[in-house]
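A.B. asks: Chains as they are written, first to last, in the working numbering: chain B, 1 to 233; chain H, 1001 to 1258; chain F, 2001 to 2354.
Pasting in a structure now, in structure tokens, and then I'll have a few things to ask.
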Amino acid sequence: MSAPFLSPAEWQAVALSLRVATVATLASLPLGLAVAWVLARRRFPGHALLNGLVHLPLILPPVVTGYLLLLTFGRRGAVGEWLDGFGIVFAFRWTGAALAAAVMAFPLMVRAIRLSLEAVDPRLEQAAGTLGASPVRVFLTVTLPLILPGILAGAILAFAKAMGEFGATITFVASIPGETQTLPSAIYALLQVPGAEGRVARLVWIAVGLSMVALILSEALSRAVTRRVRGRR
Amino acid sequence: MRAPIRAIAAVCAALVLGGLRPVMAEPVRVFAAASLRTALDVVAADWTAAGNPSVSLTYAGSAALARQIIEGAPADVFLTASPEWMDAVEAAGLLVPGTRRDLLGNTLVLIGQGAEGPAVTLDPSLDLAALLGDGRLAMGMVDSVPAGVYGREALSALGLWDEAEPRVAQAADVRAALALVAAGEVPYGIAYLSDARAAREAGEAVHVAATFPPGTYGPVTYPVALVRDTAGARAFLDTLASPGAAAVFAAQGFLMRP
Amino acid sequence: MTLRVDIAHAYPGLALEVAFDAPPGVTALFGPSGAGKTTVAHAVAGLLRPDRGLVRLGDTVLTDTARRLHVPPHRRRIGCVFQDARLFPHRTVRGNLAYGQRRADAAAFDRIVALLDLAPLLPRGIAGLSGGEAARVAIGRALLSDPRLLVMDEPLASLDASRRMEILPCLERLRDEAGTPILYVSHAVDEVARLATTLVMIDRGRVRRAGPAEALFADPALMPLFGPRGGALIAGTVAGHHPDGLTEVRAAGGTLWLPALAAAPGAAIRLRIPAQDVILARTRPEGLSALNVLAATVTGVLADDAGVTVALAAGGPTILARITARSAAALALTPGTACFAILKSVALAQGGPD
């Protein structure tokens, strides 16, 4: 009987990674959109501060970010304790892994969306206003469709980053098979064991394969949306 | 825009050149497991102060160090917490024959939250679920980090592993596991006595709640070997086994192997 | 429904202070570039908050700085057509047209589509539209939002001459059939001559004159502002078409002959007589190729740096002629002198106002 391609624990890590990355991306889209909009369209005291804060996870060592998450959202953390009252728990749960992934991926998402927002011709929005559309309707019917390619790009980038997130995750929620042992955690654990290179290679191939699929899908989707949005002939 | 470019070039040059220190007597390059840091720093400083060459100390996880040595990193002495990884380097033919020996041992302990706490009896009758409450048990990775591997071994020997396994939070290394206990995120963790001492010395709020009975795990072994045969490396290796060094290690909670 | 505008706004380089009333019909804001016309248009549309002033449409106050009142554009029900069509790239022509409709009104949709000849364009995306097509779609889109007032800011400025000629008839139909008052910003004399019911002449941030278009076009004092294309407007009726390619038009001053017009016999039309193309003679000329010769009496002579403008009464409406000072002296033209006006070209400002 030949050995299975991946052990059940390893498949579990793959599945968990997909789940964590998907949830992290989807859950941070609304906030990412809002923050990108504020940064792109509004000038206010503290603008530079907000921009810096958003980019912090890019600059800080991931372990530091993980530790900050632990202090804030852990069981004894300032916010974590309060959320516990509502039954929302991040510590040592896949939700925490998703939070860590979302935080690390957030700057990439915001950048991509902000860039596409800044590329929208404000005169189009002005014209929509003169046609009777309230600011909310303008955003939903004019701005949003035009920035859809940017949102998609931001989401794909965020997803890819979330799939590969390790340092913050393991520091915040440790590595618990089935809950927080994501694909990168599993690869890291295997790297600590002499002679496990073969298994590492298989997991790495899976990770690369997933990323390629995500990339190809995103390219196709992005082209389709851009075509629709640039105006057909 | 030439002035800023020149300034940047100057800064880069300074960074690069500043990093090239003049090499006088060749330092002894030691690759050591991270958990040895506190003790080894003292031993090396004392040795250099006694008129010997300086010691360049590189601390990291055993796996990372071993792989780097295998890939050709310049190490003279390798001191690791993992016999398996020492085997791997030996199998690659990189050790100076006859220089490998088991230098240190360690004691496995149960660490609790807070500077003080009730003692715990580690025997098969322990109600682990009650002890942990709704919290988890922080350990190093149970498949790879030595303290984690020994921890699982000990719990299995005590018949507590089945109860413990779903409650374990595996941290990247023992220091991370200790950090979780110190932060109050988990009520208990498993680590070496040396790690607990180092944490307490650093002011972290942890205490030793119990010591795992000898025989339930291990023995914990820290092998050491020469990777390059130089006079300085041999001298340092001998010093590591000397009574002076032994005293430093013992004070940190390590056991000396004869 | 009259639009009342009374605003002041300062830019670096321009201090705008205008006040005028725009009665129903097409009110043209006419003047050179930089005069402030677009600023006024934006203030009316709500896209600009003037430093000081009042904008009122009928009984509704849209902007009143004294009361800190400024109705935002999306609540004004004022349709805007800009110089760049600003069509939404992610929607088809049909989608663009329907954007401003409050409720789906198929009857209104079909009516506007027919008025602007948009039917073949409906399913298309906007990327392949020509400038003229895009302009028509933009106008249709603004109309379909059921505005109480249409503000058009140089909508034809980015089109070439033939495109412009294509669209002007649409705009005339708009004026005559759509029933929505229009504020039309332009620096092009021929557009304004064809479309305007009322003219507001703006120069360097001030209103120079405001009033009915025909009166202003016939005022010799305003000739310099119209430039070389200025000239009087007169109303006429198409009498009939002749087989040799000429159309006969009856005007108050006599019969005029034009190259074949597209208007039906009996249609009321407006003609523009470019002043530069009017030749004056003390005696009726013989053997000329020009067909249009009118007997006229000089009513005014106004000299300026570039020449002399002569106002003539040709049986009712005023015609302007632009001649050199030397000729004016040679012909000894003074008010009351009888003479003849030879019209070298009669441009059609088709479809006169009701």
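Using N, Cα and C, we set each Cβ at its ideal position, and we do this for glycine too.
The alpha helix (DSSP H) with residue 1068 of chain H in it runs from where to where?
C.D. replies: Locating residue 1068 of chain H in the second sequence gives position 68, where the first residue counts as 1. It spans 1062-1070 - the alpha helix (DSSP H) in which residue 1068 of chain H sits, taken as one unbroken run.
A.B. asks: Taking Cβ to Cβ, would you say residue 93 of chain B is nearer than 8 Å to residue 179 of chain B?
C.D. replies: Locating residue 93 of chain B in the first sequence gives position 93, counting from the first residue. Locating residue 179 of chain B in the first sequence gives position 179, counting from the first residue. Contact: yes.
A.B. asks: Mapping DSSP to helix, strand and coil, what is residue 1022 of chain H?
C.D. replies: Within the second sequence, numbered from 1, the residue matching residue 1022 of chain H stands at position 22. Note that residue 1022 of chain H scores a pLDDT of 49, beneath 50, so its modelled location is shaky and nothing firm can be said.
A.B. asks: Among the residues of its own chain, which have a CB less than 7 Å from the CB of residue 2315 of chain F, if the five just before and after it don't count?
C.D. replies: The residue given as residue 2315 of chain F occupies position 315 in the third sequence. If we look at residue 2315 of chain F and ignore the five residues flanking it on each side, its Cβ neighbours are 2252, 2253, 2254.
A.B. asks: Under the rule that 16 or more other beta-carbon atoms within 10 Å means buried, what is residue 1207 of chain H, buried or exposed?
C.D. replies: Locating residue 1207 of chain H in the second sequence gives position 207, where the first residue counts as 1. Buried, because 16 or more other Cβ atoms sit within 10 Å of the Cβ of residue 1207 of chain H.
A.B. asks: Taking buried to mean at least 16 other C-beta atoms within 10 Å of its own C-beta, is residue 2172 of chain F buried or exposed?
C.D. replies: Position 172 of the third sequence holds residue 2172 of chain F. Under this definition residue 2172 of chain F is a buried residue.
A.B. asks: Could you give the residue range of the beta strand (DSSP E) that holds residue 157 of chain B?
C.D. replies: On the first sequence, residue 157 of chain B is found 157 positions in, with the first residue counted as 1. First-last for residue 157 of chain B: 144-164, but that is the alpha helix (DSSP H), not the beta strand (DSSP E).
A.B. asks: Return the residue from the list F/2283, F/2211, F/2076, F/2206 that minimises the CA-CA distance to residue 2017 of chain F.
C.D. replies: What you label residue 2017 of chain F is simply residue 17 of the third sequence in a count that begins at 1. For residue 2017 of chain F, the nearest C-alpha among the options comes from F/2206.
A.B. asks: Once DSSP output is grouped into helix, strand and coil, what is the label at residue 2109 of chain F?
C.D. replies: Here residue 2109 of chain F refers to the residue found at position 109 of the third sequence. Reduced to three states, the DSSP call for residue 2109 of chain F is helix.
A.B. asks: Does the count of Cβ pairs from the region 148-163 of chain B and the region 211-230 of chain B closer than 8 Å reach three?
C.D. replies: Yes, since at least three Cβ pairs between the region 148-163 of chain B and the region 211-230 of chain B fall closer than 8 Å, the two stretches touch.
A.B. asks: Using a 10 Å radius around the Cβ and a threshold of 16 neighbouring Cβ atoms, would you call residue 2027 of chain F buried or exposed?
C.D. replies: Position 27 of the third sequence holds residue 2027 of chain F. With 16 or more other Cβ atoms within 10 Å, it is buried.
A.B. asks: Using the rule of at least 16 other Cβ atoms within 10 Å of the residue's Cβ for burial, across every protein chain shown, is residue 2274 of chain F buried or exposed?
C.D. replies: Locating residue 2274 of chain F in the third sequence gives position 274, counting from the first residue. The residue in question, residue 2274 of chain F, is buried, as its Cβ has 16 or more Cβ neighbours within 10 Å.
A.B. asks: Which residue's Cα is closest to the Cα of residue 2075 of chain F: F/2100, F/2090, F/2261, F/2067?
C.D. replies: Position 75 of the third sequence, counted from the start, is the residue given in the question as residue 2075 of chain F. Ranking the options by Cα distance to residue 2075 of chain F, first place goes to F/2100.
A.B. asks: Contact check, residue 181 of chain B vs residue 1144 of chain H under 8 Å by CB: the rounded distance?
C.D. replies: The residue labelled residue 181 of chain B in the question sits at position 181 within the first sequence. The residue labelled residue 1144 of chain H in the question sits at position 144 within the second sequence. The pair is not a contact, with the Cβ atoms about 13 Å apart (cut-off 8 Å).
A.B. asks: Would you call the region 2076-2085 of chain F in contact with the region 2145-2158 of chain F, where contact means no fewer than 3 C-beta pairs closer than 8 Å?
C.D. replies: Yes, the region 2076-2085 of chain F is in contact with the region 2145-2158 of chain F.
A.B. asks: Looking at the unbroken beta strand (DSSP E) that takes in residue 2311 of chain F, where does it start and where does it end?
C.D. replies: Within the third sequence, the letter at position 311 stands for residue 2311 of chain F. Start and end: 2308-2313.
A.B. asks: Determine the contact status of residue 2133 of chain F and residue 2156 of chain F, defining contact as a CB-CB distance below 8 Å.
C.D. replies: Residue mapping note: residue 2133 of chain F aligns to position 133 of the third sequence, counting from 1. Residue mapping note: residue 2156 of chain F aligns to position 156 of the third sequence, counting from 1. The answer is no: Cβ separation not under 8 Å.
A.B. asks: Between which residues of its own chain and residue 37 of chain B is the CB-CB distance below 7 Å, once the five residues before and five after are set aside?
C.D. replies: The count along the first sequence starts at 1 and reaches residue 37 of chain B at position 37. The residues are 117.
A.B. asks: With a cut-off of 8 Å, does the C-beta of residue 85 of chain B fall near any C-beta of chain D?
C.D. replies: You won't find chain D in this structure, because its protein chains are B, H and F.
A.B. asks: Name the one or two DSSP bridge partners that residue 1091 of chain H has.
C.D. replies: Residue numbering aside, residue 1091 of chain H sits at position 91 when the second sequence is read from its first letter. BP columns for residue 1091 of chain H are empty, so no partner.
A.B. asks: So, are the CB atoms of residue 2065 of chain F and residue 2053 of chain F less than 8 Å apart?
C.D. replies: If you number the third sequence from 1, residue 2065 of chain F lands on position 65. If you number the third sequence from 1, residue 2053 of chain F lands on position 53. The answer is yes: Cβ separation under 8 Å.
A.B. asks: Where does residue 1022 of chain H land, buried or exposed, given buried means 16+ other C-beta within 10 angstroms?
C.D. replies: Reading the second sequence from its first residue, position 22 is the one you call residue 1022 of chain H. The predicted position of residue 1022 of chain H is uncertain, since its pLDDT is 49 and thus under 50; a value taken from the coordinates is nonetheless stated next. Residue 1022 of chain H comes out exposed.
A.B. asks: Within 8 Å, do at least three Cβ pairs link the region 1084-1094 of chain H to the region 1165-1174 of chain H?
C.D. replies: No: the two stretches stay apart, fewer than three of their Cβ pairs being nearer than 8 Å.
A.B. asks: For residue 44 of chain B, count neighbouring Cβ atoms within 10 angstroms of its own Cβ and tell me buried if that reaches 16, exposed if not.
C.D. replies: Taking the first residue of the first sequence as position 1, residue 44 of chain B is located at position 44. Exposed, since its Cβ has fewer than 16 Cβ neighbours within 10 Å.
A.B. asks: What are the residues that DSSP puts in a beta bridge with residue 1056 of chain H?
C.D. replies: For the purposes of this step, residue 1056 of chain H is taken as residue 56 along the second sequence, with counting starting at 1. DSSP lists H/1029 as partners of residue 1056 of chain H.
A.B. asks: Which bits of chain H does residue 175 of chain B rub up against, with CB to CB less than 9 Å?
C.D. replies: Along the first sequence, one-based indexing puts residue 175 of chain B at 175. Simply 1141, 1169, 1170, 1171, 1172.
A.B. asks: Hey, residue 90 of chain B and residue 73 of chain B are a contact pair by Cβ (cut 8 Å); roughly how many whole angstroms apart?
C.D. replies: The count along the first sequence starts at 1 and reaches residue 90 of chain B at position 90. The count along the first sequence starts at 1 and reaches residue 73 of chain B at position 73. The Cβ separation is near 5 Å, so the contact holds.
A.B. asks: Would a check of beta-carbon distances place residue 192 of chain B closer than 8 Å to chain F?
C.D. replies: If you number the first sequence from 1, residue 192 of chain B lands on position 192. So no, residue 192 of chain B is outside the interface.
A.B. asks: One question on the structure: do residue 1150 of chain H and residue 1224 of chain H come within less than 8 Å of each other, judged by their Cβ atoms?
C.D. replies: In the second sequence, residue 1150 of chain H corresponds to position 150, counting from 1. In the second sequence, residue 1224 of chain H corresponds to position 224, counting from 1. No.
A.B. asks: Using 8 Å as the limit for Cβ to Cβ distance, is residue 6 of chain B near chain H?
C.D. replies: Position 6 of the first sequence, counted from the start, is the residue given in the question as residue 6 of chain B. Output row for residue 6 of chain B: interface = no.
A.B. asks: Quick one: Cα of residue 39 of chain B to Cα of residue 1182 of chain H, how far?
C.D. replies: For the purposes of this step, residue 39 of chain B is taken as residue 39 along the first sequence, with counting starting at 1. For the purposes of this step, residue 1182 of chain H is taken as residue 182 along the second sequence, with counting starting at 1. Whole-angstrom Cα-Cα distance: 38 Å.
A.B. asks: Is it right to say residue 2013 of chain F is buried, meaning 16 or more other beta carbons lie within 10 angstroms of its own, or is it exposed?
C.D. replies: Mapped onto the third sequence, residue 2013 of chain F falls at position 13. Flag for residue 2013 of chain F reads exposed.
A.B. asks: Would you list the residues sitting across from residue 2292 of chain F in a DSSP beta bridge?
C.D. replies: To locate residue 2292 of chain F, count along the third sequence from 1; it is residue 292. Partner(s): F/2343.
A.B. asks: Which residue wins for smallest C-alpha separation from residue 2293 of chain F, given the options F/2258, F/2265, F/2302?
C.D. replies: For the purposes of this step, residue 2293 of chain F is taken as residue 293 along the third sequence, with counting starting at 1. For residue 2293 of chain F, the nearest C-alpha among the options comes from F/2258.
A.B. asks: Helix, strand or coil: which one does DSSP assign to residue 1151 of chain H?
C.D. replies: Taking the second sequence and counting its residues from 1, one reaches residue 1151 of chain H at position 151. If DSSP states are grouped into helix, strand and coil, residue 1151 of chain H belongs with the helices.
A.B. asks: Would residue 2102 of chain F pass as a contact of residue 132 of chain B if the rule is Cβ separation under 8 Å?
C.D. replies: For the purposes of this step, residue 2102 of chain F is taken as the residue at position 102 of the third sequence. For the purposes of this step, residue 132 of chain B is taken as the residue at position 132 of the first sequence. It is a contact, given that the beta carbons lie within the stated cut-off.
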